[in-house]
Amino acid sequence: MDSQITVRLNYGVPQPCTVLLQIRAMTDAFQVVTWENTEIAAYKSFRDMPAEEGIGNRIWLETNGDLILTYSAQITVNRPVARMKYLSETPLYQLNAPTVKYLMPSRYCTADGFTEFLQETFGHLAGGRKVKAMAQWITDNLTYDNDSSDGDTTAQDTFDARRGVCRDFAHLLIAFCRSCAIPARIVSVYSPDVTPPDFHAVTEVYLNGGWHLIDPTGMTTPDRMIVVGVGRDAADVAFLTAFGSAMLNEQTVSVTAE
């Protein structure tokens with residue numbers, strides 16, 4: 001899939017502010033950025049650095065007035081879609097050091113409170129079959145609602161409310177997987193399939209010795225995802241974190257596939 005991305009951010013910044021951005025598409029064996037450009041209207045300093053696990057990049061930016069930014073890129077994605085149901089769980093003792101933390105609770109993804117439900121509903125399944133069934137349950141039983149959550153909403157909150165946005169769907173699947181001793185993490189992506197166009201969050205699970213993408217919203221598939229970054233939960237992959245006051249004026253995301 002050949003895609004084009006355009007992101008425009010316009011934030012009012014009344015006082016000098018340091019901002020951490022994570023909006024650039026990453027490059028790996030399955031995804032190649034063939035061209036990209038970042039335009040920023042005014043800033044005091046700019047520093048690019050690797051993001052979590054060395055996947056993607058973050059930008060430290062010291063503002064000089066309002067933050068007005070345009071990011072444009074062309075990306076080719078050749079990522080295969082794994083047959084999830086045939087993937088087996090990796091024995092815990094074989095997990096490498098960087099993967100172990102994705103078994104543990106994090107700010108938005110605590111595994112407590114799901115054990116009985118998961119055993120009753122999915123206890124007869126294992127590995128990829130279990131992950132696929134849990135993701136499908138989330139797709140079928142949660143309502144996508146832009147007004148249903150905020151920056152404090154946890155996986156437990158989403159489970160109780162049965163509604164949320166993409167990050168809430170991803171957090172719930174992560175919590176389900178971790179409760180079943182399957183490493184799972186959040187992945188920020190772009191996709192031409194996301195409606196309305198926006199930054200998107202999906203889940204990645206560690207099975208059969210590797211990481212595999214899955215979207216519990218059901219909006220898109222791995223071969224049509226453009227990966228930006230990974231983390232324990234949304235706190236690690238926020239597209240913009242302001243250390244100071246930054247007020248949204250306008251924000252648009254456009255993703256097209258050729």
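Using full-length UniProt numbering, read the sequence shown as starting at 1 and increasing by one per residue.
Think of the CB as a built atom: it goes at the ideal place given N, C-alpha and C, for glycine as much as any other residue.
Predicted, not measured: the structure shown is a model, and the values here were computed from it.
Item, Value
"By DSSP's criteria, Arg-163 is part of a beta bridge. Which residues make up the other side?", "Thr-143"
"So, are the CB atoms of Leu-215 and Ala-135 less than 9 Å apart?", "Residue identity differs from the one stated: residue 215 is Asp in this sequence, not Leu. Yes, the Cβ-Cβ distance between Asp-215 and Ala-135 is below 9 Å."
"Please identify the residue among Asn-64, Asp-48, Pro-80 whose C-alpha is closest to the C-alpha of Asp-223.", "Pro-80"
"Just curious, the beta strand (DSSP E) that Val-33 is in, first and last residue?", "31 to 40"
"Closer than 6 Å by C-beta to Asp-198: which residues in its own chain qualify, once you throw out the five before and the five after it? Chain order, please.", "Val-253"
"Considering only their Cβ atoms, is the gap separating Val-255 from Val-194 smaller than 9 Å?", "yes"
"Could you give the distance in angstroms between the alpha-carbon of Thr-221 and the alpha-carbon of Ala-82?", "10 Å"
"When the Cα of Met-104 is compared with those of Leu-20, Pro-183, Phe-243, which residue comes out closest?", "Pro-183"
"Checking the sheet assignment: what are the DSSP bridge partners for Met-49?", "Arg-58"
"By the DSSP assignment, the beta strand (DSSP E) with Gln-74 in it spans what residues?", "67 to 77"
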